[in-house]
């Protein structure tokens, strides 16, 4: 209310949660808002700050989960049988998997234990095991270098991950899918 009639307002914050609150407020209050951020860079050995347009990911997505779901969908459609396309998928898939499990099975247990609840709900145990193994094993350092089997496994597991989400929480999946199309 204190800035209701203001022509220009500057708000500085380090809090992502507060930033999201402000962005949602501004979206509802006015259409002509601009979003900016201070970015630091080094020129020689001197740290400098500059005011730049805010990274669109910070104001375009409701959460990291929302952004990662969209990224994973794009990566799913972009698989071209190369390690380069498959390689970033396990880490992103793990965050989507863990966030989905946190939302769907909020019991404070490990991802492995939460997966048991999805099995009890009747989703295919082999597919769940494959998703867990892929997101767990492939998102950690192995010491053995690139694994060519990652390429075919990526396509299969991404399909199973999205299938699992659609089956276990269809309304949730549809909302995410629409919001990221």
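Numbering (this note's numbering), first residue to last: -6 to 174.
The beta carbon of each residue, even a glycine, is placed where N, CA and C say it ideally should be.
Between the CA atoms of residue j and residue i - distance to the nearest angstrom
| i | j | result |
| --- | --- | --- |
| residue 49 | residue 41 | 22 Å |
| residue 125 | residue 9 | 29 Å |
| residue 121 | residue 168 | 22 Å |
| residue 47 | residue -3 | 23 Å |
| residue 181 | residue 52 | Here the chain has residues from -6 to 174 only, and residue 181 is not among them. |
| residue 116 | residue 94 | 14 Å |
| residue 81 | residue 139 | 12 Å |
| residue 100 | residue 107 | 8 Å |
| residue 69 | residue 21 | 33 Å |
| residue 123 | residue 83 | 12 Å |
| residue 96 | residue 54 | 18 Å |
| residue 164 | residue 0 | 40 Å |
| residue 103 | residue 19 | 38 Å |
Other residues of its chain near residue i: CB distance less than 6 Å, five sequence neighbours each side excluded
| i | result |
| --- | --- |
| residue 87 | 128 and 132 |
| residue 6 | 12 |
| residue 130 | none |
| residue 56 | none |
| residue 143 | 79 |
| residue 16 | 52 |
Option nearest residue i by Cα separation, candidates the options
| i | options | result |
| --- | --- | --- |
| residue 141 | 92, 89 and 74 | 74 |
| residue 85 | 102, 63, 38 and 101 | 63 |
| residue 91 | 33, 158, 118 and 119 | 158 |
| residue 173 | 65, 14 and 33 | 65 |
| residue 161 | 38, 109 and 27 | 109 |
Supposed close pair residue i, residue j - CB separation, criterion 8 Å
| i | j | result |
| --- | --- | --- |
| residue 78 | residue 67 | With 8 Å as the limit, residue 78 and residue 67 do not qualify as a contact, their Cβ atoms being about 11 Å apart. |
| residue 89 | residue 58 | 7 Å |
7 Å Cβ shell around residue i - same chain, five flanking residues per side excluded
| i | result |
| --- | --- |
| residue 44 | 29 and 31 |
| residue 146 | 127 |
| residue 166 | 158 and 159 |
Run of the beta strand (DSSP E) containing residue i, from where it starts to where it stops
| i | result |
| --- | --- |
| residue -4 | Premise fails: residue -4 is in no beta strand (DSSP E) and is neither H nor E. |
| residue 31 | 29 to 36 |
| residue 39 | 39 to 46 |
Endpoints, the alpha helix (DSSP H) within which residue i is located
| i | result |
| --- | --- |
| residue 108 | 104 to 113 |
| residue 128 | 118 to 130 |
| residue 160 | 142 to 161 |
| residue 77 | 76 to 79 |
| residue 99 | Element bounds for residue 99: n/a, residue is neither H nor E. |
Contact set for residue i: own chain, Cβ-Cβ below 8 Å, skip 5 residues either direction
| i | result |
| --- | --- |
| residue 112 | 118 and 121 |
| residue 152 | 69 |
| residue 35 | 41 |
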